Amino acid sequence: MAVLTLLARRLAAALVLLGVLSALTFGLLAASPGGPEQVLLGSRPSTAETRAAIRAEYHLDDPFPVRYARWLGDAVRGDFGVSIYSREPVTDVIADRMPVTASLAGYALLLTVAVGVPLGLVAAMRRGGALDQGITLAALVTLAIPPFALSILLLYGFAVALGWFPVFGAGETPLDRIVHLTLPAIALAGAQTAMVVRQMRAAALDLAGQDFLTFARARGLPRRRIWLGYALRNAALPVLTVGGLLLAANLTGSLFVEQAFGLHGLGALLIGAIGQKDIPVVQALVLLGGAIVVAVNLLIDLAYLAVDPRVRHGAVTS
Amino acid sequence: MRGVLVTVLALAAVAAVAGSWLAPYDPAAQDLALGAAGPSAAHWLGTDDLGRDVLSRLLAGAGSALFWPVLVALGTTALSTSLGLLAGYRLGWVDALMMRIIDLAIAMPGMLVLIVVVGVLGGGYGWAVLAMAVLFTPGDIRVVRSLTLAQRGLAYAEAARTLGLRPARVMFRHLLPNLAPTVVANALLSFVAALVSLAGLSFLGIGLPAGTPDWGLMVEENRGLLDLNPWAALAPVILITLVATAATLLGDRLFETLSEGGAR
Amino acid sequence: GSAQRGGGAGRDTLVWASGAAPNSLDIAHGFNGASTTIQMAVLDTMVTLDDRGVPAPALAASWTQPDPASYEFTLREGVKFTDGSALTADDAAYSLRRHLDPAVASQAASYFTTVKKVEAVGADKVRVTLNRPNPAFLAVAAVAWQVVPRKLAEAHPKDLGSPEVGTIGTGPFKVVKFSLTSGTVLERNDAYWGPKPALRRIEIKSITDAETLRMAVRSGEVDGTDGLNARDARKWTGLPGVTTFFYPSNNIAYLTMAVGAGPLKDVHVRWAIAHAVDRAALTNLMTAGHGGPATAMLPRPQLTAVYGDAVPAFPDQPLDLAAAKAELAKSAYPDGFTLSVPYATGGDSATVMQAVAADLAKIGIKIVLEPNPGDKYMARMMAHDRLGIQYVSLTYGTPDPIEVLPDMISRGAAEPQGFNFSGYGSADLDARLDTFASATGEARKTQLTGLLTEIAEQVPYVPLFYTDNAVALSDRFTATFGTWRFNYLTLVRPASGS
Amino acid sequence: MTLLDVGGLTVTGRHLIVDGVDLNVSRGETVGLVGESGSGKSLTARAVAGLLPKGLTATGSVTLSGRELLGARERLLRSVRGSQVALLMQDPFAMLNPLRTAGAHVAESLPRLPRAARRAEVLRRLAEVGIADPSVAGRHPFQLSGGMRQRVALAAALARDPELLIADEPTTALDATTQHEILMLLRGVQRARGMGVLLITHDLRVAFELCDRVSVMYAGRIVESGPGSGVAGAPAHPYTSGLLAALPSVTVTLPRLEAVPGSVPHAEDVTDVCAFAARCGQAEPECGQARPPLRELSPGRRTACLYEVRPRPRTAPPALAPDAAPAGGTLLRVEELRKEYGGHVALGGVSLDVGAGESVGVVGESGSGKTTLARCVLGLATPDGGRVELAGLDVTPGARAARREGAHRLVQCVFQDPSTSLNPALTVGAMLAEAAAQGRAEGRPSVAELLDLVGLPTAYASRRPRALSGGERQRVAIARALAVRPALLICDEPTASLDVSVQAHVLELLRTIRRELGTALLFITHDLAVVRQIADRTMVLFRGEVVESGETARVLDAPAHDYTRRLLASVPPTP
Ligand SMILES: Nc1ncnc2c1ncn2[C@@H]1O[C@H](COP(=O)(O)OP(=O)(O)OP(=O)(O)O)[C@@H](O)[C@H]1O
Ligand SMILES: Nc1ncnc2c1ncn2[C@@H]1O[C@H](COP(=O)(O)OP(=O)(O)OP(=O)(O)O)[C@@H](O)[C@H]1O
Ligand SMILES: [Mg+2]
Ligand SMILES: [Mg+2]
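Chains as they are written, first to last, in my numbering: chain A, 64 to 381; chain B, 8 to 271; chain C, 6 to 503; chain D, 14 to 588.
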């Protein structure tokens, strides 16, 4: 029941969000100087007839609301137009790029969780010790390095100087892809891992002061149960929220990383599309970004629902 | 540790204020014949491809590298604190409306929108800085609001209301000081995020005019020189990282100190 | 050490990287370096240029010029498209005609504005009728008259050459794969009518980040690239196992000064600026010795095409700050002025304008740099919006000055969307351009000298430098490049030693 | 046979906290450890279970069934915890994992069992603590009341049949009736199992009612121990005697509540002297020279006082007629006040009157709507229906904002929780000055006058709340409320979280103020003994309804309503 109302509420909110987002970007792009003519014509002299033909084809002379309504009508039917730059349907362009970004984001998330959670817990356990200080400081520094700089450093260090990893590309076979995406994923995961470490540490410390943990120990529960059933599970809640936000942030983070590692993912696509005034692509990407954030938030809510009975029974809202 | 922290930030502040005077060379002075060269007695951190002194540019750039993030942090903090206090204290329709808008804003792919806005509209830093402040604010409003909500239910706040004090006085004199640890820590986090993000924008070629001695821009402009003079790109990266680390650490420390100080 | 070397493939497979992603295999929508490089390997043009830039037979085995304004081409016999169908005169004629159709919105349309009619006359003959004589027509055709099957082009008026449709040609290579993300793969066309290409397979990637590209070449993951800039020569020539080839390009970099209004309207100001800019240093910075200072407002190959080795000396404004200040003193702005100058972020214009700004500061002219995203800058330039001092670098396709000069000094090109960013022009100049267009022999030389001298005296433009083209190749490959050889993928061959 | 033997236990953190505690508990015996807040009771308990918070260390000896636990390896401790010694903590709301069901808490504590048997065993264990409804096993803590949670926690603590149960204030967070039930349950289980129980409490009455032996703790050490009845009847330490005197009685109205002056020192500061000397009425120079040993008076009876304790004069009943009858007319009139929170009725039509200068008590268990009533009168909550009239002025909140203008000069409030009642960011002086400025200009009291009124030194003006003890904070809160010279002071359980001695102080202060300033009181409490001391009239609130009201003596001595009788029955007898 709670699930259904939640889903319904989220869906409505998502529609509003996507509507606002699309109108906003559409308006922005329409208002910005220069139009698709320039892209279509290249940086060469053009004839007046050609320009007129293009304006007609792309309905550039229609008033803004009409253009937006047309776009919206098509979008609702799943037609996001044709890329001005490559003349492919936008959906194809995006579908083509999606696997790279998705694997990159997934890989990075995996690294984040696999490294961040244990490190955070260890730091909390050894609170104040050398290990804790080391981990905390390392997290701080990682958090402070701009992601693009981290990309460059990794690229130089591990791909060029040491030659352990390839310099660019996403690889073709699955194994190849893992090898190719390792450095980008590390670059992407760096700051997030640091966030998770901090969050996990704080959550675990907070937890350590809780009565129910002391009570669990007082009952002589085995260590494994205390760690898994109590520490990890209860600390998971705050970490989950951060994790979700990070997943959404992957989207933007991948922009820098893809750029630096020469990956043809969605981030590089966006940068390119902005530079080329490829409005249909930019528009679709922004919407996709919005949809992903909405979806991630929904996932977090569902996860809360699964983990926290208080939310499940509507006692509190997350 | 604390000494290092304070030293780093103090040096950064000095560089930000007096960097242009301290610079051994005119940061814009070119020596095209010299081009990019490694560190030497004349140029401690070498030169970039236009033969400009890297150290001088770092010093001169400290101002812009730090000023804008500070501006973002101040703007964000002022805005989010007052709006968050208002929503959390007033509740009612003000709160409901604000929360709806914030829900919406938070669900936006923020950085993406920022890049599209600044990238497409072009224009300079002003837009980037403004957009960033707008981006950071909703999350902070939410935090301040929830803290306000918690504080307003406490006995001292109810006592203040019972005394018939004006709402503004209750909010700013009674509640605000008790939110200080979070507000201060958040302000520093905003500063760090802005510092790193603005550098990122420069990296994408969005923002400041070419040749401006700015740390983020220097990384972008000089990263092709890693073989000729690595310091031209590495030094600004190191500086950004150092300042950001110190600021985060300071935020953590301040949060602890302030919340201990206010502990009941 | 390196993770991978040359993609690990055989020695007749080349892994090539371009600095930008190709977007279309149809020149009508992909008239840009990365795309045209592939088009040239896959599609044949009717005519081509020989090493000296003189039109030579390609798909057209020969041609005649029945009158100054018309051409009649005779097709080579037995040429087949890679899908097996035979090349017809109809295909050839349609391939040119489509550029004239506004509905196609061809990027090459402006190349063919003088073409009135294209028709197939008989099975192997194509006749092109022009509005007026155009000595540059054949050179232009060598670049843009790429021949595709009419059937295919007609079936895809909107998306010929897109990744979904691709293209079919008669060229030395055929397209096996064309993707904007994972790259392009070409394979040898074994039925090619000309000399058999040395490479069996070419894999083309795109790496937009110049540094990443360089590291990819350095690590051996990529065998060759044209995505480098002569000014970065120092960084490239040091790479082990890589040879960088430099060869003259048909290009010129210059400053334009909008003469319509403001300080730049004053010829003394323009002289002062020309005297103040340290062109030698700038040339050195931007070309690193692989190019040279420009002495006239034409690409060097075009000067050579007209004058041979006897290029006359044009009036010049050498670096001379005293002279610059003296000129400025004569102007209405003896104490200098401030000018806001837009530039495109992330390109050469940023570097050049910084150097120019530093030079001009010495005589009291303050340049405020105004960054713009590339597309916005382009849009603003093309709209002739607030023009001032701008850096322009252009590369041309043909050896004929008539491709360049009208763009620079005709009044028609001074309108928005034209390339005359200085706005310099007059009725008299337009008339002289017209006579020059159809002049031949010594008259042609004299007229050109007259035009270039006027530009040099009035200084609407300050010619800066020429840059060589650069190609980096792994030592496993070699090639002989030339200014007029646009199909350089076909020039690359395995090095004999490796 | 001795089950637990604690000898010379000290706990040190940054300072010395527990200083040489000796304790022993035998099988089948309940031992009480009483003492004021901060005296080190909890840390003693946690030291015994080997669960001291990080940063604290214990020395001395703790033996359980002859096995030394102090300094033992964590491995050994883990095997001992749960199966030999179990710990039950104070706050039932924080003790259970919010993410696990009640049944899971019990089940995970049980020794290994097959699945089906385990479920049956869980139900059996829950039934043992009085939870007969099997569906409770499937509920999560947030779905259970405080009492239920404490029962579940008890079942979980007992799941491995420990020989010793340490219960650290297991009922403090519960309301009177539930408290009583849980204590009775504890006693029942203890008897049935023959367990040893170490019961930690600050409530002397609970200790004396429930325990075989009682140890009184002060500033980290034991100052007196002996059989419950013996200590209650003839305290052998002036501190114990002081505590007993401060205890309000539910049966009589005492003329004067005797508070022990001063506050508990840090253990660190009094290692070599009698810890109580500074506050002791019969201290001699000798008390400040050496630390008095815990000497044996008679077998099983020990005291740390060098002298015999002088008996305190205790006024015999009937003590005092209620204070002079109220002058003037009605000050506060509440009519049919109603308030719902999302369908839950907090107030279901409450009416009451308070005359000028009168003191009215409102009693009721937790959740009965006492605070809601106060908040509605104060304008902090908007009622759904009914009227509030102050001195003839309609001040019903929400009706028209302007009407409440000036209401703050008529009514002020003292809240329950001393830890949040003062703004931690402001000094006492700033707080009081600000409050005084809200009152009428003529006769505006100065900060010094206000501090003097509540018996605090003027120097306190520059202190911040964190430098004040709980009782001092409540006194500042009272001063702040009085700063505007209100006609009515609402006190919402102002002493509920204070120690008896401090409570006596605050209650006495309120009585004085009422007498001297003529301020009317609306005193909210769940403690019948307190209401006996302070209220002329009392009304009993039950689930948002007034079930009984009248003269305090009448209500308490001859309760008419069943609920009132239940409340009275759950109050432990005052020794
Ligand atoms: N983790 C800790 N670190 C340092 N000091 C502590 C810690 N926990 C408690 N203390 C201090 O030890 C002293 C005794 O604390 P303890 O909790 O044992 O008191 P208590 O008698 O149980 O009081 P209460 O009735 O308030 O629970 C107090 O002064 C307290 O401030
Ligand atoms: N702000 C609120 N929102 C929802 N429910 C509330 C709120 N305030 C009180 N209640 C509910 O109203 C009922 C009465 O609460 P109230 O605080 O008045 O009780 P009380 O008698 O003061 O109890 P206690 O002795 O625990 O302080 C309770 O069931 C409580 O849960
Ligand atoms: Mg305690
Ligand atoms: Mg209450």
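Note that the Cβ used here is the ideal one computed from N, Cα and C, for glycine as well. All of these numbers come straight from a predicted model, not from anything done at the bench.
Residues that residue i contacts on chain A, provided the C-beta gap is smaller than 9 Å
i, result
"alanine 206 of chain B", "Pro209, Phe211 and Ala212"
Nearest neighbour of residue i, chosen from the options [CA to CA]
i, options, result
"valine 356 of chain A", "A:Leu308, A:Asp364 and A:Ile334", "A:Leu308"
"methionine 291 of chain C", "B:Asp56, B:Ala48 and B:Ala17", "B:Asp56"
"valine 98 of chain D", "A:Asn297, A:Ala279, A:Leu329 and A:Gly226", "A:Ala279"
"alanine 266 of chain C", "C:Ala310, C:Thr79, C:Ala144 and C:His389", "C:His389"
"phenylalanine 441 of chain C", "C:Ala285, C:Asn28, C:Pro138 and C:Val133", "C:Pro138"
Chain C residues whose Cβ lies nearer than 7 Å to that of residue i
i, result
"serine 109 of chain A", "Ala114, Ser115 and Gln422"
Alpha-carbon to alpha-carbon, residue j and residue i
i, j, result
"tryptophan 68 of chain C", "tyrosine 99 of chain C", "18 Å"
"glycine 225 of chain C", "alanine 33 of chain C", "34 Å"
"valine 497 of chain C", "glutamine 112 of chain C", "28 Å"
"serine 187 of chain C", "glycine 171 of chain C", "15 Å"
"valine 370 of chain A", "threonine 199 of chain A", "28 Å"
"threonine 230 of chain C", "leucine 191 of chain C", "16 Å"
"isoleucine 372 of chain C", "phenylalanine 251 of chain C", "33 Å"
"leucine 350 of chain A", "valine 145 of chain A", "16 Å"
"arginine 180 of chain B", "leucine 172 of chain B", "10 Å"
"leucine 103 of chain A", "tyrosine 148 of chain A", "7 Å"
Residues that residue i contacts on chain G, provided the C-beta gap is smaller than 7 Å
i, result
"aspartate 164 of chain C", "The chain labelled as chain G is not found among the protein chains of the depicted structure, namely A, B, C and D."
Any chain B beta carbon closer than 8 Å to residue i
i, result
"lysine 240 of chain C", "yes"
"threonine 433 of chain D", "yes"
Contact set between residue i and chain C, taken where Cβ atoms lie within less than 9 Å
i, result
"arginine 160 of chain A", "Leu185 and Thr186"
Per-residue contacts from residue i into chain D (C-beta, under 7 Å)
i, result
"glycine 171 of chain B", "His421 and Gln451"
Residues near residue i by beta carbon distance below 8 Å, same chain, minus five either side
i, result
"proline 317 of chain C", "Thr454"
"glycine 35 of chain C", "Pro27, Asn28, Ser29, Thr41, Gln44, Gln112 and Gly166"
"valine 109 of chain C", "Ala33, Arg103 and Pro162"
"leucine 607 of chain D", "Beyond the ends of chain D as shown, which are 14 and 588, falls residue 607 of chain D; an answer cannot be given."
Within chain B, partners of residue i - CB distance below 8 Å
i, result
"tyrosine 121 of chain A", "Going along chain B, no residue has its Cβ under 8 Å from tyrosine 121 of chain A, so there is no contact; the nearest lies around 17 Å."
CB contact below 8 Å: residue i versus chain A
i, result
"methionine 220 of chain C", "yes"
"alanine 192 of chain B", "no"
"aspartate 56 of chain B", "no"
Within chain C, partners of residue i - CB distance below 8 Å
i, result
"leucine 348 of chain A", "Those do not exist, as leucine 348 of chain A stays about 15 Å from chain C at its closest Cβ, beyond 8 Å."
Contacts around residue i, its chain only, beta-carbon distance under 6 Å, and the 5 residues preceding and following it disregarded
i, result
"valine 148 of chain C", "Gly402"
Closer than 8 Å to chain C by CB, residue i
i, result
"alanine 217 of chain B", "yes"
Sequence-distant residues of the same chain with beta carbon closer than 7 Å to residue i, five excluded per side
i, result
"alanine 494 of chain D", "Gln425, Cys426, Val427 and Leu502"
Chain A contact residues for residue i, given Cβ-Cβ distances below 8 Å
i, result
"histidine 603 of chain D", "As displayed, chain D neither begins before 14 nor continues past 588, which places residue 603 of chain D out of reach and without an answer."
Listed by chain order, chain D residues near residue i by CB distance under 9 Å
i, result
"proline 188 of chain B", "Going along chain D, no residue has its Cβ under 9 Å from proline 188 of chain B, so there is no contact; the nearest lies around 11 Å."
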